[in-house]
Ligand code: SF4
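Residue numbers (UniProt numbering): 194 to 565.
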């Protein structure tokens, strides 16, 4: 049976009340996805060691609360890697709209659109991992509508408050429908778990649901600055030999500096990369680009310093020790992952041969920067 809000506190601020109501409705299928950076932060409020990956405990708690299907946004991140690496290769070949700017951080996208509109065309058309995942689930629901008459609702658990506005942007809608219905921050979910009387530290870990519970290590590192770049480079180098993976991690994309530069040889082309950590550093890079002082092919920007591990929806305080522990927690997930490359995720490849076939653009891309 489904759980309902144990305290009757339906009017909990932000989206918690709406999610409790959906959980209480037997005619709604509630699907939830968990972002990479959430799993190494939510343990903080339950006295669990900082940076520990508590994904299994979180899954168990969400199942007890009443979510119908629990999946991994890292799967969506694998899709983003597939599409963004394809887009980079296309732009390198055509020479148009370079550098390619990453699009998975909505605060950065908004900043670029407002302050540097001349660079709008450089922003990747790829939807963010939560949006790609949501579009996939909603498409699956549309296809199965005759078999399953319940309404499908997609909830994202995100480290980020900007993700709440990302889902309402019309460019992210598919066939006029929102891909993700509600975003809950890590802090909001912490409160739901506490209100349900669950102590995460005491819960026995459980596995994610199939099929979208399988993700590569490349998807996991999306939560740290430099992670998107490293994941895309892995896909393009397309090798899972330890020495090749280490070579990518040593190019300079890891680390916490405001602006990191790297050069990577892809075939006969040297690709120039900048990894930008925080919006102040983004301004510096864009000003230098405008002045013709620097030249790149690929630029990753995350608005929060050190990336989503320190997002505005994460438990506080987030001092240097906490940030370091969360960052190490995500790299540890990657180290232990059996699948390192997004294109080696068997469920990703099955999706491309099935539900995504011929619909890649419709489901995985936005229109806002295309062709302008
Ligand atoms: Fe959100 Fe910050 Fe991550 Fe950007 S870097 S997606 S603003 S948490």
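We treat Cβ as the ideally placed atom computed from N, Cα and C, and that holds for glycine.
In the DSSP assignment, residue 453 falls within the beta strand (DSSP E) that extends over 452-459. Closest in alpha carbon position to residue 395, among 240, 453, 336, 262, is 240. Counting C-beta atoms within 10 angstroms of its own C-beta, residue 547 has fewer than 16 neighbours from the protein chains shown and is therefore classed as exposed. Membership of residue 334 in the alpha helix (DSSP H) is indicated by the continuous run 322-336. In its chain, beyond the 5 residues on either side, 273, 276, 277, 280, 296, 557, 558 have a beta carbon closer than 7 Å to the beta carbon of residue 319. A distance below 7 Å between beta-carbons, with the five flanking residues on each side excluded, links residue 237 to the following residues of its chain, in chain order: 243, 508. Between the stretch 258-270 and the stretch 454-465, the count of C-beta pairs closer than 8 Å stays below three; the two stretches do not touch. Residue 410 and residue 531 have their C-alpha atoms spaced approximately 8 Å apart. At least one heavy atom of ligand 1 is found less than 6 Å from the C-beta of residue 504. Distance from the CA of residue 245 to the CA of residue 550, rounded to the nearest whole angstrom, comes to 37 Å.
Among the bridge pairs identified by DSSP, residue 344 is matched with 221. Approximately 5 Å separates the beta-carbon atoms of residue 405 and residue 268; this is inside 8 Å, confirming the contact. Of the candidates 430, 392, 398, 430 places its Cα closest to the Cα of residue 458.
Our two residues, residue 413 and residue 376, have alpha carbons roughly 19 Å apart in a direct line.
With contacts defined as CB atoms closer than 7 Å, residue 222 and residue 342 fail to qualify as a contacting pair.
Using a Cβ distance threshold of 7 Å, residue 478 and residue 496 do not count as a contacting pair. Ranked by how close their Cα comes to the Cα of residue 535, the residues 286, 422, 220 have 422 in first place. A distance criterion of 6 Å places the beta-carbon of residue 352 in contact range of ligand 1, judged by its closest non-hydrogen atom. Apart from the 5 residues on each side of it in sequence, residue 335 sits with its Cβ closer than 8 Å to the Cβ of 368 in its chain, given in chain order. When only Cα atoms are considered, residue 488 and residue 313 end up about 17 Å apart. Around the Cβ of residue 219, a 10 Å sphere holds fewer than 16 other Cβ atoms; the residue is exposed. Going by DSSP, residue 234 is part of no beta strand (DSSP E) at all; its letter is neither H nor E. By the neighbour-count criterion, in which a residue is buried when 16 or more other Cβ atoms sit within 10 angstroms of its Cβ, residue 515 is buried. Taking all protein chains in view, the Cβ of residue 400 is surrounded by fewer than 16 other Cβ atoms within 10 Å, so the residue is classified as exposed. Per the coordinates, the alpha-carbon of residue 520 lies some 18 Å from the alpha-carbon of residue 408.
As the crow flies, the alpha-carbon of residue 506 is around 23 Å from that of residue 307. Sequence-distant partners of residue 347 (beyond 5 residues in either direction) whose C-beta falls short of 6 Å from its own C-beta, in its chain, are 224, 327, 330, 373, 374. Beta-bridge pairing by DSSP links residue 293 to 491. Inter-residue distance for residue 552 and residue 540 is about 17 Å (C-alpha atoms, whole angstroms).
Here residue 338 is exposed, its C-beta having fewer than 16 other C-beta atoms within 10 Å.
Looking at 362, 289, 288, 263, the one whose alpha-carbon comes closest to that of residue 303 is 362.
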